[in-house]
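Residues in the sequence shown are numbered consecutively from 20, following our numbering.
For every residue, glycine included, the Cβ atom is placed at its ideal position computed from N, Cα and C.
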Amino acid sequence: MTILAIETSCDETAAAVSRNGREILSSCVASQADIHELYGGVVPEIASRRHIECVVQIAERAISDAGIDMTSLDAIAVTYAPGLIGALLVGVGFAKALSFALDLPLVPVHHIRGHIAANLIAFPELEPPFLCLVASGGHTQLIDVRDYTDFRILGETRDDAAGEAFDKCARMLGFGYPGGAELDKLAQGGDDKKYPLPRASIDGSSLDMSFSGLKTAVINLIHNIRQKGEEPDAKSVAASFSAAVSDVLVPRAIEAAKTAGRSKLAVAGGVAANSRIRSDLTRAAAKHNISLYLPPIGLCGDNAAMIACQAYYELLAGNTAGSDLNAYATMPCDELVR
Ligand code: KG4
Ligand code: ZN
Numbered sequence: 020m021t022i023l024a025i026e027t028s029c030d031e032t033a034a035a036v037s038r039n040g041r042e043i044l045s046s047c048v049a050s051q052a053d054i055h056e057l058y059g060g061v062v063p064e065i066a067s068r069r070h071i072e073c074v075v076q077i078a079e080r081a082i083s084d085a086g087i088d089m090t091s092l093d094a095i096a097v098t099y100a101p102g103l104i105g106a107l108l109v110g111v112g113f114a115k116a117l118s119f120a121l122d123l124p125l126v127p128v129h130h131i132r133g134h135i136a137a138n139l140i141a142f143p144e145l146e147p148p149f150l151c152l153v154a155s156g157g158h159t160q161l162i163d164v165r166d167y168t169d170f171r172i173l174g175e176t177r178d179d180a181a182g183e184a185f186d187k188c189a190r191m192l193g194f195g196y197p198g199g200a201e202l203d204k205l206a207q208g209g210d211d212k213k214y215p216l217p218r219a220s221i222d223g224s225s226l227d228m229s230f231s232g233l234k235t236a237v238i239n240l241i242h243n244i245r246q247k248g249e250e251p252d253a254k255s256v257a258a259s260f261s262a263a264v265s266d267v268l269v270p271r272a273i274e275a276a277k278t279a280g281r282s283k284l285a286v287a288g289g290v291a292a293n294s295r296i297r298s299d300l301t302r303a304a305a306k307h308n309i310s311l312y313l314p315p316i317g318l319c320g321d322n323a324a325m326i327a328c329q330a331y332y333e334l335l336a337g338n339t340a341g342s343d344l345n346a347y348a349t350m351p352c353d354e355l356v357r
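Structural data, given as structure tokens:
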């Protein structure tokens, strides 16, 4: 089963070809980050236009890198939710046209289900059930992966996503968008106890999270220091901030795995690349006898390989769509609309 997948949910135009789910024949990503960096964040209209300019070439390249031609394809998959609506619609429109022209099934894939599937690519032996911590620029969730297409959200952020908070802190320290990875590098060698920052918890909802207070606290901290005509110790701000995010995510991920009765814990999304979170998770998982799955950094951020992999399982489950498929800016991964 050979699937071409298209991903245009945010600021990466991506296409990939998978064979029988976990074997990735090609994966191409055209990032727009340098364009959006000028504005300090993703400009939705610019993202949509850039997807239109790139999607055909990226899909062609994915097919040629895979060493196949269009006639070898068995299905066309596309990210249809959640994301920037205009950006999603470019991919959905393109995938519909291709599936119609080639007379192939159209497989809609939820972006977060795709992020989780990055673990299936990285770890060929990994099978559900397992618990997954998803932390990206738009989502922070604890998801019980009961089966390949059966998910339950056990906890999530009530406000900002962890990645959003990382990007804000990075911006305050002078980095361009998205600054999470640079903040991570800066934190190396910083003192993670120098600046006390809050770790919020939600009353009566131990698996839910909040990052908006932490975001405000780090903004105030930096402002207050600058108002005195001084500069903060940027390395230690980065280290203290990373520790605060990790202290919210890691214990909840362990608790969620225990609550769901899972002995396997996977992580996904751009923030899963964070070195502090990865090392804290490694220690906590070992302490609690949980097998930890940390996908390589290249599979944490947005890509189409993860979509092509998840599409195989969606197709096996009969989750295909017609030419009336729509895109959705928001949609939980456990309640699909098609
Ligand atoms: O999953 P992703 O590529 O896109 C979304 O679906 O949102 O996640 C992007 C987010 C950004 O906020 C970025 O700053 C953050 O992941 N990120 C990191 C690191 N690498 C990427 N945050 C912290 N540490 C990192 N090493
Ligand atoms: Zn993503």
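Close Cβ partners of residue i (< 6 Å) along its chain, the five nearest in sequence each way excluded
i	result
A292	I316, C319
R171	D163, D353
L266	Going by the sequence as given, residue 266 is Asp instead of Leu. So the qualifying residues of the chain are R218.
K44	Before going on, a small fix: residue 44 reads as Leu here, not Lys. Taken in chain order, the residues that qualify are V36, R38, A85.
S294	D203
C73	T32, A49
L23	V36, L92, I95
E250	none
A136	M325, C328, Q329
Residue i: first and last residue of the uninterrupted beta strand (DSSP E) it sits in
i	result
V286	283 to 287
V36	31 to 38
K44	Position check: residue 44 holds Leu in this sequence, whereas Lys was assumed. Counting along the chain, the beta strand (DSSP E) containing L44 begins and ends at 42 to 50.
P127	125 to 129
E249	Premise fails: E249 is in no beta strand (DSSP E) and is neither H nor E.
Distance CB(residue i)-CB(residue j) smaller than 9 Å
i	j	result
A275	G337	no
R177	S225	no
G198	R190	yes
L125	P63	no
N345	Y99	yes
C47	R80	yes
D211	A285	no
V97	Q329	no
G209	D252	yes
K283	L145	yes
Sequence-distant residues of the same chain with beta carbon closer than 7 Å to residue i, five excluded per side
i	result
N39	M20, Y331
I71	V109
H134	V153, S155, A287, G288, M325
D299	S265, V269
A262	D211, R295
Residues that DSSP places opposite residue i in a beta bridge
i	result
L145	According to DSSP, which records beta bridges pairwise, L145 is partnered with nothing at all.
Y312	A285
R171	D163
I95	L23, L125
L152	L161, V286
A137	Note: A137 sits in no beta bridge, so no partner.
A340	L125
L100	As written in the sequence, residue 100 is Ala, which differs from the Leu given in the question. Beta-bridge pairing links A100 to H129.
M228	T176
Own chain residues within Cβ distance below 8 Å of residue i, not counting five before or after
i	result
K234	D179, E183, A184, K187, C188
Limits of the alpha helix (DSSP H) - the one that residue i falls within
i	result
E201	199 to 206
L334	324 to 335
C73	63 to 84
L300	294 to 306
Check your reading: residues with Cβ closer than 5 Å to ligand 1 heavy atoms: Matched residues: S155, G156, G157, G182, F185, D186, P197, G199, A200, D203, G288, G289, V290, A292, N293, G320, D321.
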